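Asker: Counting with numbering that gives the first Met the number 0, you get residues 0 to 240 for the letters of the sequence shown.
The C-beta atom is built at its ideal place from N, Cα and C for all residues, glycine as well.
Note that this is a predicted model, so its numbers are computed, not measured.
Below you'll find the structure I mean.
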Amino acid sequence: MPDEIVSLESRARAIAALKDFSLGDVQETKGNSKANKAEAQCNVPDLASLTPAHREILPNINMHRGKFQHVRQTNNFCLRCKGYLSTKKSGHYKFYTASDDGSLLYLNGAKVVDNNGCHGEQEKSSEDKYLSAGIYELVVEMCEMGGGEALKVRYEGPDTGGSKVTVPASALKHEHKRLAEGLECDYFYDQAQCYVPDLGGLTPSHTAILPNIYMHSGKFPHVTQGNNFCIRCSGYLSTQN
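Quick look at the structure:
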């Protein structure tokens, strides 16, 4: 998925004002032939194997009848939205899709919400899922056969204060941006134990960029006290071969 998203960078630049929004594929069918009619079903088909009619950037997924952005017909269409979900705090999260007709939600390639089939708007949820603070691949698929249409994606967990809310644009990205070298390290004081606590759920005292992690007594960059501190460094490891 990352390679595919990076390959769409030129499209993202063309609508730079939306560059931080999630990416959506709009798979529409014309309904003029049996083959095209078969593509939109109450049960979501394998949309990844189909060529979309067009592709758009959406801020989030909160659509209902008459409010489906960029859709060119109101029946017999499918959507496949893909991108990245960013979580700031570790903990248990639950995901929901409300749709008319069928919808599916995948997280890091695993189907976590199955709301498939012919039905009016109904909501189904995932099981509780423990997520560390980080970045996760997110795919949402939906098909509308006829009648009313809806697709809404909500979640609840540490980032929402336990409330069920629409996944906000601030938590969705459609591409990995090129990152600067080094690691982003958060520093925590007076939280230290021999066993590392859940630092992802705490607010750091300050943050600094380190070129690598090779520290010893007296050589801990940016640490403001010699004892009773914790560090949480995050970033990406690049392998070339």
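What residue from Lys88, Asn75 and Pro51 has the CA that sits closest to Leu198's CA?
Answerer: It is Lys88.
Asker: Name the one or two DSSP bridge partners that Ala191 has.
Answerer: In the DSSP output, where bridge partners are listed per residue, Ala191 has none listed.
Asker: Compare the Cα-Cα distances from Asp158 to each of Gly146, Asn75, Leu201 and Lys81 and report the closest residue.
Answerer: Closest option to Asp158, Cα to Cα, is Leu201.
Asker: Exposed or buried, which one is Asn42 when buried takes at least 16 other CB atoms within 10 Å?
Answerer: By the neighbour-count rule (16 or more Cβ atoms within 10 Å), Asn42 is not buried but exposed.
Asker: Give the straight-line distance between the Cα atoms of His91 and Asp127, rounded to the nearest whole angstrom.
Answerer: Roughly 6 Å between the two C-alpha positions.
Asker: How long is the line joining the alpha carbons of Val166 and Gly217, rounded to whole angstroms?
Answerer: Near 44 Å, if we compare the C-alpha coordinates of Gly217 and Val166.
Asker: Thinking just about the alpha-carbon of each residue, which of Ala168, Val112 and Pro51 is nearest to the one in Gly82?
Answerer: Checked all of Ala168, Val112 and Pro51; the closest Cα to Gly82 is Ala168.
Asker: Look up Thr96 in the DSSP assignment and say whether it is helix, strand or coil.
Answerer: The answer is strand: DSSP assigns Thr96 an E or B state.
Asker: Starting from Asn288, trace the beta strand (DSSP E) both ways and give me its first and last residue.
Answerer: Because the chain is modelled from 0 through 240, residue 288 falls outside the range shown and cannot be assessed.
Asker: On the three-state DSSP scale, how would you describe Ser32?
Answerer: Its pLDDT being 27, under 50, Ser32 is placed unreliably in this model, and the value from its coordinates should be taken loosely. Reduced to three states, the DSSP call for Ser32 is coil.
Asker: Would you identify the three-state DSSP class for Ser48, choosing helix, strand or coil?
Answerer: Helix at Ser48.
Asker: Beta carbon of Arg79, beta carbon of Val138: below 8 Å?
Answerer: In contact: Arg79 and Val138 (Cβ atoms closer than 8 Å).
Asker: What residues in its chain sit with their C-beta under 8 Å from that of Gly156, if we drop five residues either side in the sequence?
Answerer: Hits under 8 Å: Thr86, Lys88, Gly90, His91, Tyr92, Lys93 and Leu130.
Asker: Would you kindly check if the distance between the Cβ of Glu120 and the Cβ of Phe76 is under 8 Å?
Answerer: It is not a contact, given that the beta carbons lie outside the stated cut-off.
Asker: Just the C-alpha distance for Arg64 and Asp189, rounded to the nearest angstrom, thanks.
Answerer: Straight-line Cα distance between these residues: approximately 52 Å.
Asker: Who pairs with Lys172 in a beta bridge, going by DSSP?
Answerer: Answer by DSSP bridge pairing, in chain order: Tyr83.
Asker: Identify whether Thr159 lies in helix, strand or coil by the three-state DSSP scheme.
Answerer: Here Thr159 sits in helix by DSSP.
Asker: Have a look at Pro220 and Asn115 and give me their C-alpha separation to the nearest angstrom.
Answerer: Their backbone Cα atoms lie some 52 Å apart in a straight line.
Asker: Near Asp113, which residues of its chain fall below 8 Å by C-beta distance, leaving aside the five closest residues on each side in sequence?
Answerer: Excluding residues within five positions, the ones whose Cβ falls inside 8 Å are Leu103 and Lys123.
Asker: Could you please give me the residues that DSSP links to Ala149 through a beta bridge?
Answerer: According to DSSP, which records beta bridges pairwise, Ala149 is partnered with His63 and Asp99.
Asker: Measure the beta-carbon distance from Ala149 to Ala97 and round it to whole angstroms, keeping in mind my assumption that it falls under 8 Å.
Answerer: Right, the Cβ-Cβ distance comes to about 6 Å (below 8 Å), so this counts as a contact.
Asker: Beta carbon of Glu55, beta carbon of Gln72: below 8 Å?
Answerer: Not closer than 8 Å, so no.
Asker: Over the uninterrupted beta strand (DSSP E) stretch that includes Ile243, give me the two end residues.
Answerer: The shown model of the chain, from 0 to 240, leaves out residue 243, and the question about it has no answer.
Asker: On a Cα-Cα basis, can you pick out the residue from His215, Cys184, Pro210 and Met214 that is closest to Ser233?
Answerer: Ranking the options by Cα distance to Ser233, first place goes to Cys184.
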